[in-house]
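> According to our numbering, the first sequence is numbered sequentially starting from 181.
One structure follows; several queries about it will come next.
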Amino acid sequence: MLQVNYIRENKEKVLEGLKVRNFKQPELVNEIIALDQVFRATQTQLNDFESEANTLAKQIGDLMRTGKKEEADLLKQKTTSCKENIKKLTEEISEIEPKLYNLVVQLPNLPYHLVKNGVGAEDNEVVYLHDKPAELPKNALPHWELAAKYDIIDFELGVKITGAGFPVYKGKGAKLQRALINFFLDSATEEGYKEMQVPHLVNEASGFGTGQLPDKEGQMYHATVDNLYLIPTAEVPVTNLYRDVILKEEDLPIKNTAYTPCFRREAGSYGAHVRGLNRLHQFDKVEVVQVCHPEKSYETLEQMNNYVQSLLQKLGLHYRVLRLCGGDMGFTSAMTYDMEVWSAAQERWLEVSSVSNFETYQSNRLKLRFKGATGKTQLAHTLNGSALALPRILASILENYQTENGILIPEVLQKYTGFDRID
RNA sequence: GGAGAGUUGGCAGAGCGGUCGAAUGCGGCAGUCUUGAAAACUGUUGACUGUCAUAGGUCCGGGGGUUCGAAUCCCUCACUCUCCGCCA
Numbered sequence: 181m182l183q184v185n186y187i188r189e190n191k192e193k194v195l196e197g198l199k200v201r202n203f204k205q206p207e208l209v210n211e212i213i214a215l216d217q218v219f220r221a222t223q224t225q226l227n228d229f230e231s232e233a234n235t236l237a238k239q240i241g242d243l244m245r246t247g248k249k250e251e252a253d254l255l256k257q258k259t260t261s262c263k264e265n266i267k268k269l270t271e272e273i274s275e276i277e278p279k280l281y282n283l284v285v286q287l288p289n290l291p292y293h294l295v296k297n298g299v300g301a302e303d304n305e306v307v308y309l310h311d312k313p314a315e316l317p318k319n320a321l322p323h324w325e326l327a328a329k330y331d332i333i334d335f336e337l338g339v340k341i342t343g344a345g346f347p348v349y350k351g352k353g354a355k356l357q358r359a360l361i362n363f364f365l366d367s368a369t370e371e372g373y374k375e376m377q378v379p380h381l382v383n384e385a386s387g388f389g390t391g392q393l394p395d396k397e398g399q400m401y402h403a404t405v406d407n408l409y410l411i412p413t414a415e416v417p418v419t420n421l422y423r424d425v426i427l428k429e430e431d432l433p434i435k436n437t438a439y440t441p442c443f444r445r446e447a448g449s450y451g452a453h454v455r456g457l458n459r460l461h462q463f464d465k466v467e468v469v470q471v472c473h474p475e476k477s478y479e480t481l482e483q484m485n486n487y488v489q490s491l492l493q494k495l496g497l498h499y500r501v502l503r504l505c506g507g508d509m510g511f512t513s514a515m516t517y518d519m520e521v522w523s524a525a526q527e528r529w530l531e532v533s534s535v536s537n538f539e540t541y542q543s544n545r546l547k548l549r550f551k552g553a554t555g556k557t558q559l560a561h562t563l564n565g566s567a568l569a570l571p572r573i574l575a576s577i578l579e580n581y582q583t584e585n586g587i588l589i590p591e592v593l594q595k596y597t598g599f600d601r602i603d
């Protein structure tokens, strides 16, 4: 979330940013500033009374110790009105504070200056296009048909044991999946990320820390008996490692990577576009996360962008990079690149990665700070990206590498799979 | 699942209802000594809020209560640990 102090001191910038995002309730800004003023005025009044009460209590203490009980009793009477005021003002504050918080969390992050004004996906900028569509054999099949033909992914079996959106990978399909995970983790390690294995269930506090709660509660699977949530992305546990942490400046940047399954309820999304591997309730993903110095975060974003592209290039996929416009960007992001691979058989682009700089939006909520040379603590910047999400990568490999004689395995994966084709 | 113990500053660990934001040790930082380093010695060292700067205020797991005054007493919730049982 944004910092109230920042909103107060940079009202115009905030309004401009919200405009780029096409944000529908700019009036929130004024409400926040007004309520914040009330909040701080009340706080000041309360502090004054608290100060008075503290002074009186100390005096009474002194008198009691020196045996002047009558004088002490006299002073005690004076505390009554003070206490009443404190009680009243405390109640006021406890009403105002959550109200203010609820307003502030409704504001999205402010876009970086490179982000273009826009409403939706059609306004995104294509900033890079790599290669051409693969040339496919005549009767090219979409991946779900290839999956059935070679018996490597079984959607029906998943339906039987769990439900739709939980595929079963079989034989070489399972092996290819594992190969991709290893390839992505090894690559991330070479790039300087530290591999982490984190829990796949998180508590409520972690859900709040990265902002899935309270708003997107319906998107997560909830183990109610223990009040734990299945993670929708590794971002949740990996970023929460740094909740309530004050780092040393020399610890930055922190680069972590983790492979996890991801669980998403995807309530309400059905239809042709979710066929096959396009949209699942459970899928695998390798995530990269960085915590860095505010001055370095855009440099870092470009590094991460390039890194993700290097993976796609090694896999030999036709892809493009989008810089999302204000209206299409996630709520918490300041700038996002989406990578999309071309699905030759479906003839559409599939999003396989999203790399974002959240600036201080996450770290403010997480209380993730660092202490610089000056001794002042300040919020760190956080970034993350998928590197990569497996199902659509798998889908596009199946589709793009299909031949008359089976599906070829990209060379870079062969040392992980141990075979060079699926037939 | 049963029984018990605990939760205090970066860590370890003390704390009588008032003089406690909190002893002490370690760690960190600065200095003395040294060619340099180590050791030793000296000093310093929490976060948040607030102010132009002071001042002031809040924080001893969370919430509530008793009291003029709570880290300390009471209630409640959460979490952690130990032992037993079960078990990958």
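C-beta atoms are modelled at their ideal positions from N, C-alpha and C, and glycine is treated no differently.
By how many angstroms is the C-alpha of A354 removed from the C-alpha of L316?
24 Å
> Have a look at T220 and L208 and give me their C-alpha separation to the nearest angstrom.
With the sequence shown as reference, residue 220 is identified as Arg, and Thr is not the correct amino acid for it. Roughly 18 Å separates the two Cα atoms.
> Taking 8 Å as the threshold (C-beta atoms), are V501 and G565 in contact?
no
> With DSSP as the reference, label M484 as helix, strand or coil.
helix
> Check whether the region 541-555 touches the region 385-396, taking contact to mean three or more Cβ pairs, one atom from each stretch, closer than 8 Å.
yes
> Alpha carbon to alpha carbon, how far is Q257 from N537?
57 Å
> Which of the three DSSP states is assigned to P412 in this structure?
coil
> Could you say if the region 490-509 and the region 567-580 meet the contact criterion of at least three C-beta pairs nearer than 8 Å?
yes
> Put Y596 into one of helix, strand or coil per three-state DSSP.
helix
> Going by CA-CA distance only, name the one from T516, D253, E539 and I273 that's closest to V295.
Closest by C-alpha distance to V295, out of T516, D253, E539 and I273, is T516.
> Between the alpha carbons of K238 and Q225, how many angstroms are there, rounded?
20 Å
> Helix, strand or coil: which one does DSSP assign to L504?
L504 falls in the coil class under three-state DSSP.
> Assess, as a yes-or-no matter, whether the region 318-334 is touched by the region 550-562 under the definition of 3 or more beta carbon pairs within less than 8 Å.
no
> Given a threshold of 16 other Cβ atoms within 10 Å of its Cβ, counted over all protein chains shown, does L337 qualify as buried or as exposed?
exposed
> State whether the region 436-449 contacts the region 411-424, with contact taken as three or more CB pairs (one from each stretch) at a distance under 8 Å.
yes
> Ignore the nearest five residues each way along the sequence and tell me which others in K428's own chain have a CB closer than 7 Å to its CB.
F550 and K551
> To the nearest angstrom, report how far apart K267 and K396 are at their CA atoms.
36 Å
> Might you give, ordered along the chain, the residues of its own chain that have their beta carbon closer than 6 Å to the beta carbon of Q470, omitting 5 neighbours on each side?
The beta carbon of Q470 is closer than 6 Å to those of P433, K435, T480 and L563 in its chain, skipping five residues each way along the sequence.
> Excluding the 5 residues flanking D216 on each side, which residues of the same chain have their C-beta closer than 7 Å to its C-beta?
V184, R188 and L280
> In this structure, does DSSP put H310 in helix, strand or coil?
Of the three classes helix, strand and coil, the one that applies to H310 here is strand, per DSSP.
> Within its chain, find whatever has a CB closer than 6 Å to the CB of H402; leave out the 5 residues flanking it on each side and keep chain order.
Correct list, in chain order: Y409.
> If you draw a straight line from the C-alpha of V348 to the C-alpha of D518, how long is it?
Straight-line Cα distance between these residues: approximately 28 Å.
> At the level of alpha carbons, what is the spacing between E264 and T270?
10 Å
> Classify G345: buried if its beta carbon has 16 or more other beta carbons within 10 angstroms, exposed otherwise.
buried
> Are there 16 or more other CB atoms within 10 angstroms of the CB of F203, so buried, or fewer, so exposed?
F203 should be labelled buried.
> Helix, strand or coil, according to DSSP, for E325 in the structure here?
helix
> Decide if H293 is buried, meaning its Cβ has at least 16 other Cβ atoms within 10 Å, or exposed.
Under this definition H293 is an exposed residue.
> Go to K428, then tell me how far its beta strand (DSSP E) extends in each direction, as first and last residue.
From DSSP, the beta strand (DSSP E) with K428 extends over V425 to K428.
> Using C-beta distances below 8 Å, list every residue in its chain close to R455, excluding the 5 sequence neighbours before and after it, in chain order.
P322 and W324
> Roughly how many angstroms lie between the CA atoms of Q357 and Q526, to the nearest whole one?
21 Å
> Confirm, please, whether the CB-CB distance from T597 to A320 is below 8 Å.
no
> Taking the beta carbon of F599 as the centre, do at least 16 other beta carbons fall within 10 Å, making it buried, or is it exposed?
exposed
> Given the structure, does K199 come close to the ligand FMN, in the sense that its CB is under 7 Å from one of the ligand's heavy atoms?
Ligands are entirely absent from the displayed structure, and the ligand FMN is therefore not among its contents.
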